[in-house]
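Colleague: Okay, handing you the structure first.
There are 6 protein chains.
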Amino acid sequence: MKEEVFFGEGMVNVKKDYPDLYEAIVGLNEAIYTGKVLDYRTQKLIALGINAASADKRATEKQMMSAMKEFSITKDEIVDVLRVVLLTSGMPPFTKAMKILYDLED
Amino acid sequence: MKEEVFFGEGMVNVKKDYPDLYEAIVGLNEAIYTGKVLDYRTQKLIALGINAASADKRATEKQMMSAMKEFSITKDEIVDVLRVVLLTSGMPPFTKAMKILYDLED
Amino acid sequence: MKEEVFFGEGMVNVKKDYPDLYEAIVGLNEAIYTGKVLDYRTQKLIALGINAASADKRATEKQMMSAMKEFSITKDEIVDVLRVVLLTSGMPPFTKAMKILYDLED
Amino acid sequence: MKEEVFFGEGMVNVKKDYPDLYEAIVGLNEAIYTGKVLDYRTQKLIALGINAASADKRATEKQMMSAMKEFSITKDEIVDVLRVVLLTSGMPPFTKAMKILYDLED
Amino acid sequence: MKEEVFFGEGMVNVKKDYPDLYEAIVGLNEAIYTGKVLDYRTQKLIALGINAASADKRATEKQMMSAMKEFSITKDEIVDVLRVVLLTSGMPPFTKAMKILYDLED
Amino acid sequence: MKEEVFFGEGMVNVKKDYPDLYEAIVGLNEAIYTGKVLDYRTQKLIALGINAASADKRATEKQMMSAMKEFSITKDEIVDVLRVVLLTSGMPPFTKAMKILYDLED
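Protein chains in written order, with my numbering: chain A, 11 to 116; chain B, 11 to 116; chain C, 11 to 116; chain D, 11 to 116; chain E, 11 to 116; chain F, 11 to 116.
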């Protein structure tokens, strides 16, 4: 199931046209999210923070949707992630991510 | 105590020479790490992930030291953070952060 | 007034739902733009340069609008900022920002 | 004179071994720092802000040295630039640049 | 011809309103793409890789279109570039660039 | 052999302590550098360009050493890569990479 959660639409094409690459990504993904000690949910929060910090709208949106749908991560939890984004990465990525979050809510 | 944990040496000068700026940073820091729902420890893991993802040696080193000293965050927990860094940000920030981690251990 | 200038729509939600965070951001903003020696207008030009250099369309657009509306910063002044962006950050952020500038003009 | 100010040691090798590239960079540099309306000093402050925001130690250090030596830009002026860096880019580039500034002072 | 290939719409305005800057960019562009040993096609692949790695949608799209139209660079060649992007820069820029590539194909 | 070329010292520790992660990285690496159409050498040039563009000293240095040792990539070829870095990413990463290149030569 993890794969469906993780991979967006773009990966459908990779699977069809570049199966060797797809297999490697699946293998990598398995190794990432079978951490030794942190649970998958915490790792998703970290991924969300990293994506939001890079001010990448598309990646942030996808992570937020996956976080809320698959892990029942709440809006307040996401805001707590974005607090860290504000401190480490400044206002532009913070306000961009806040806007994405509120737009998703509507 | 949070302030001592958070602020590095550089902030001593800010406090002395630019007290208005220092006060604002203290206020910001308080608002960041008094999240509504996530605990401080989880927020530190997120900050660590963001810093490592940006391949900033100095910031990553400081976050790792603070994480291990003040929160007893273990090496395996940090590696689980770095797994996410590998997936979201690629090999160079991952190997750089792994090297910092092993150097700190010695 | 500075707050209205500075804060975009996203901040309205922060103020309503996360007042502690909002207060900290207001405090930070005050400390940033009450510099000791540089005037506010020069600091806005610097913020504009940093945002354009990071190739963040949303942040660049907002800074340009605020710069032109609130500080009567001219198109030629913005282009002089973007010259520095070209030298320090390359063609993609430069051409992106030039396009934003000309689109705003229309 | 502008060229000596602008170009670091690395450019000596470019001039010797890749004169075509060197000429293009000189031409670019002339076009950047002969802005239409902003003076050279203001453009240097913007370049300093962009370099510090990218957390690039080497580039930040060079810009600070050039700013102080060639333009008599003061420490307080640089801190006012770094205030903007803090707001737009977060704590890690801010504290890194503050440390560089204080180390240069000593 | 190289100029038409290289410069997007935004440069039309630069040429008209800021001819000095335009000339410097043309000179720079000439010096970049008249490499000593690598051919222009290989340099375009490198530029494509750098733009995709920075997750800049607009720049990546432009580079891909120019690569396919002017240099008959194939989809499989671009995917081989994006493999390197995945390894060096992680999943978000990789999946973003893959989506741009497949959207361009349609 | 590709693995020895690719992986730096840091990976020795990953192999020993986190074999699952190591296996995934090996698998990924195989999928990256067995491109369909571009040869390995060209992909290395692209990786070098991406690393230099991100102004990451450690990663740039490693890529340059690997490029020169394992693929007999010449100094002039690397400079042709760095020309593209200058155009896409500006002076600071360009001059930093040029300095690394000349330091390696000595």
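For each residue, glycine too, the CB sits at the ideal point set by N, CA and C.
Using the Cβ count rule (16 or more neighbours within 10 Å means buried), how would you classify E:D116?
Modeller: Exposed, by the Cβ-count rule.
Colleague: Does the Cβ-Cβ distance between D:S99 and A:G37 come in under 8 Å?
Modeller: No, Cβ-Cβ distance for D:S99 and A:G37 is not below 8 Å.
Colleague: With 16 as the cutoff for other CB atoms within 10 Å, does A:T84 come out buried or exposed?
Modeller: The residue is exposed, with fewer than 16 neighbouring Cβ atoms inside 10 Å.
Colleague: Using beta carbons (cut-off 8 Å, strictly below), is D:D116 in contact with chain F?
Modeller: Judged by the 8 Å Cβ criterion, D:D116 is not in contact with chain F.
Colleague: With 16 other CB atoms within 10 Å as the buried threshold, where does F:M75 fall?
Modeller: Its Cβ having fewer than 16 others within 10 Å, F:M75 is exposed.
Colleague: Could you tell me whether the Cβ of D:R68 comes closer than 8 Å to any Cβ of chain C?
Modeller: It does not: the Cβ of D:R68 has no partner Cβ on chain C nearer than 8 Å.
Colleague: With three or more beta-carbon pairs closer than 8 Å as the criterion, would you say the segment 55–69 of chain A touches the segment 48–66 of chain F?
Modeller: Result no; under three Cβ-Cβ pairs closer than 8 Å.
Colleague: In the DSSP assignment, find the alpha helix (DSSP H) that holds B:T52 and state where it starts and stops.
Modeller: Element bounds for B:T52: 50–63.
Colleague: In three-state DSSP terms, what is C:Y28?
Modeller: Correct three-state label for C:Y28: coil.
Colleague: Only counting the same chain, and skipping five residues up and downstream in sequence, which positions put a Cβ closer than 7 Å to that of D:M108?
Modeller: Excluding positions up to five away in sequence, the list reads L92.
Colleague: Short of 6 Å in beta carbon distance, which residues of its chain neighbour F:Y32, apart from the five on each side in sequence? Order them along the chain.
Modeller: Closer than 6 Å at Cβ, skipping near neighbours: V24, K25.
Colleague: If you reduce the DSSP assignment to three classes, tell me which class C:I35 lands in.
Modeller: Of the three classes helix, strand and coil, the one that applies to C:I35 here is helix, per DSSP.
Colleague: Using a Cβ cut-off of 8 Å (strictly closer), state whether D:E40 contacts chain E.
Modeller: Output row for D:E40: interface = yes.
Colleague: What is the C-beta distance between E:V94 and E:P103, in whole angstroms, given that I count them as a contact (C-beta under 8 Å)?
Modeller: With 8 Å as the limit, E:V94 and E:P103 do not qualify as a contact, their Cβ atoms being about 11 Å apart.
Colleague: C:K106 by DSSP, collapsed to three states: which one?
Modeller: Three-state result, C:K106: helix.
Colleague: Measuring only between beta-carbons, confirm whether B:K109 sits less than 8 Å from chain F.
Modeller: So, interface residue.
Colleague: For D:T52 and C:T52, which I take to be in contact (beta-carbon distance under 8 Å), what is that distance rounded to the nearest angstrom?
Modeller: Confirmed, Cβ separation roughly 6 Å.
Colleague: Please state whether DSSP places F:S82 in a helix, a strand or coil.
Modeller: F:S82 falls in the coil class under three-state DSSP.
Colleague: Are the C-beta atoms of F:L97 and some chain C residue less than 8 Å apart?
Modeller: Answer yes: the Cβ-Cβ gap between F:L97 and chain C drops below 8 Å somewhere.
Colleague: Should A:V89 be flagged as near chain C, meaning a C-beta pair shorter than 8 Å?
Modeller: Cβ-Cβ to chain C under 8 Å: yes for A:V89.
Colleague: What are the residues in the segment 22–50 of chain A lying within 9 Å of chain F by C-beta distance?
Modeller: Cβ contacts with chain F come from Y28, D30, L31, Y32, E33, A34, I35, G37, L38, N39, E40, A41, I42, T44, K46.
Colleague: Pull up the CB-CB distance for A:V47 and B:D90, whole angstroms please, since I reckon it's below 8 Å.
Modeller: That belief holds up - the Cβ atoms of A:V47 and B:D90 are roughly 6 Å apart, short of 8 Å.
Colleague: Alpha carbon to alpha carbon, what distance is there between A:A41 and F:D30?
Modeller: Cα to Cα, the separation comes out at about 6 Å.
Colleague: Going along chain E in order, which residues have a C-beta closer than 7 Å to the C-beta of A:T59?
Modeller: The question names Thr, but residue 59 of chain A is Gly in the sequence shown. In chain order: nothing, as chain E lies at least about 13 Å away.
Colleague: Looking at C-alpha atoms only, which residue of C:Y28, C:D27, C:L114, C:V22 is the closest neighbour of C:Q73?
Modeller: Nearest C-alpha to C:Q73: C:L114.
Colleague: Verify whether the separation of the beta carbon atoms of D:A77 and D:K54 is less than 8 Å.
Modeller: In this structure, D:K54 lies closer than 8 Å to D:A77 by Cβ.
Colleague: Candidates F:D27, F:N39, F:M21, F:I88: which alpha carbon is nearest F:T70's?
Modeller: The option with the nearest alpha carbon to F:T70 is F:I88.
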